[in-house]
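Asker: Let me give you the structure first, and then I'll get to my questions.
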Amino acid sequence: MESIPFSAETLKALRTSASDRLMAILSEWGDRDLDTLDYKVDELVRKLNAKPARPADRKPYESIYPGTSIAESRKKAGRLTQQKIAALADLTLQPIDDWLDETLRVALNKSDRLPSEPPYAHLLPSNKELSVASPNPRTHSPNSPEIADLSALNLSIAQLTEIAAFADPAQVELLYHPILRTLTEFDLTTPLRQAHFLAQLCHESGSFNYLEELASGEDYEWRDDLGNVQAGDGVRFKGRGLIQITGRTNYHDCGEALGQDLIANPTHLADPDLACRSAGWFWTTRHLSAFADRDDVDTITYRINGGYNGYDERVEFLNTAKAVLGV
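Counting from 1, position 82 in the sequence shown corresponds to residue 1185 in my numbering; the numbering is continuous, with no gaps.
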């Protein structure tokens, strides 16, 4: 094991932060002309997939993503990097850390690190600033918490109905005030943050129509990664809330943050108020507002879904929300 100047938990956070930052940069570049970074990203993808070096007569991405636009190739490369980093279980320094460090330095126009420095040195926030531990959102009474003036949000029920195009109007009315309280409680008060938040919720909940997943939850039985360590945990802690909180660990952490015993009362997570607030808790603990501020739907989707399932619909909801909110 190589000695590193930070904990395994911090290394994991550094990897995630670095891959997310690279994804954001590649998404922002869109279809601009090929740049030095693209040659480095092509090299990174080949190393991640254990592929031979790029032929000298080929442009970046031509061999690995044939027939794909530059913009889409960049996104695919960014997504692949995120996925490889997320799947990396070894929390000691690996060659992939060097590769990612080198690529991100090119992306950020940073100088090479010194031989004595570990990967990610001077690239990302300091260890103390890294989002290793979840923030502790303000807690309130479990029943309709009283927080700041909701009228300042400028989100009408008609606008919410237009964003959630397939929603039952009665369901929108039921959730309207809990959603407003959630937007305020978790500092989702800019139109761009609201657009991203509501778009993801619309996809995850079927336009607000489902506060509890339709499946039984049996597929989650004995899922250690979800903290399901007792018989029946899969069914007991299946997806609930507007963002489908799933698993014993998430129920425990969410309940602790919101002042609820969701281990003893898991079905309460499907109540309108907690269904909304749990989504705000999830959003905040995954630090998604920072990506919303950069208009980075790719990373937001990945952090919520663990992949890109339903990506096109999420983008459609986002475009609608932006239009409705005047973003």
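The beta-carbon is built from N, C-alpha and C at its ideal position, and this holds for glycine as well.
May I ask which residues mark the beginning and end of the alpha helix (DSSP H) holding Q1303?
Answerer: Residues 1294-1307.
Asker: Suppose the cutoff is 7 Å on Cβ atoms and the five residues either side in sequence are ignored; what does the same chain contact list for V1148 look like?
Answerer: Cβ neighbours of V1148 beyond the five flanking positions: I1167, A1180, L1183.
Asker: By how many angstroms is the C-alpha of I1260 removed from the C-alpha of E1276?
Answerer: Approximately 7 Å between the Cα atoms of the pair.
Asker: Could you give the DSSP three-state label for I1346: helix, strand or coil?
Answerer: Residue state, collapsed to three classes: coil.
Asker: Contact between the stretch 1392-1404 and the stretch 1364-1377: three or more CB pairs below 8 Å?
Answerer: Contact between the stretch 1392-1404 and the stretch 1364-1377 is absent, because fewer than three Cβ pairs lie under 8 Å.
Asker: Which residue's Cα is closest to the Cα of S1310: A1267, A1156, A1192, I1128?
Answerer: Checking every option, the nearest Cα to that of S1310 belongs to A1267.
Asker: Which value, in whole angstroms, describes the spacing of the CA atoms of Y1405 and T1119?
Answerer: Spanning the two alpha carbons is a distance of roughly 11 Å.
Asker: Specify the secondary structure class of E1220 as computed by DSSP and reduced to three states.
Answerer: Note: E1220 maps to coil in three-state DSSP.
Asker: Classify E1315 as helix, strand or coil using the three-state DSSP reduction.
Answerer: If DSSP states are grouped into helix, strand and coil, E1315 belongs with the strands.
Asker: Alpha carbon to alpha carbon, what distance is there between R1380 and S1244?
Answerer: Unreliable placement is indicated for S1244, whose pLDDT of 38 sits below 50; the coordinate value is still reported in the next sentence. When rounded, the distance between both Cα atoms is 12 Å.
Asker: Check for me: the alpha helix (DSSP H) holding G1337 runs from which residue to which?
Answerer: 1336-1339 is the span of the alpha helix (DSSP H), which, as asked, contains G1337.
Asker: What separation, rounded to the nearest whole angstrom, lies between the Cα atoms of T1264 and A1270?
Answerer: Cα-Cα distance, rounded: 7 Å.
Asker: Going by CA-CA distance only, name the one from Y1142, N1152, K1115 that's closest to P1158.
Answerer: P1158 has its Cα closest to that of Y1142, out of Y1142, N1152, K1115.
Asker: With H, G and I counted as helix, E and B as strand and the rest as coil, what does DSSP make of F1269?
Answerer: Coil at F1269, not helix or strand.
Asker: Give me the Cβ distance between M1126 and Q1185, rounded to the nearest whole Å; I'm assuming they're in contact under 8 Å.
Answerer: Rounded, the Cβ-Cβ distance is 6 Å, consistent with contact.
Asker: Would you identify the three-state DSSP class for E1165, choosing helix, strand or coil?
Answerer: Coil at E1165, not helix or strand.
Asker: Out of curiosity, what's the CA-to-CA distance linking Q1333 and R1161?
Answerer: In a straight line, the C-alpha of Q1333 is about 54 Å away from that of R1161.
Asker: Measure the beta-carbon distance from L1151 to K1115 and round it to whole angstroms, keeping in mind my assumption that it falls under 8 Å.
Answerer: Contact flag wrong, Cβ pair sits at about 18 Å.
Asker: Would you mind working out which of Y1279, E1288, A1378, Y1414 sits nearest L1314, comparing C-alpha positions?
Answerer: With distances taken between Cα atoms, L1314 lies closest to A1378.
Asker: To the nearest angstrom, report how far apart W1384 and T1287 are at their CA atoms.
Answerer: Going by the C-alpha atoms only, they are around 12 Å apart.
Asker: Determine, using beta carbons only, whether D1356 and T1388 come nearer to each other than 9 Å.
Answerer: Going by C-beta atoms, D1356 is nearer than 9 Å to T1388.
Asker: Taking all protein chains shown into account, decide if A1426 is buried (16 or more other Cβ within 10 angstroms of its Cβ) or exposed.
Answerer: Exposed, since its Cβ has fewer than 16 Cβ neighbours within 10 Å.
Asker: Just how far apart, CA to CA, sit A1174 and D1336?
Answerer: C-alpha separation (whole angstroms): 42 Å.
Asker: Quick check on the burial criterion: 16 or more other C-beta atoms within 10 angstroms. Buried or exposed for N1353?
Answerer: So N1353 counts as buried.
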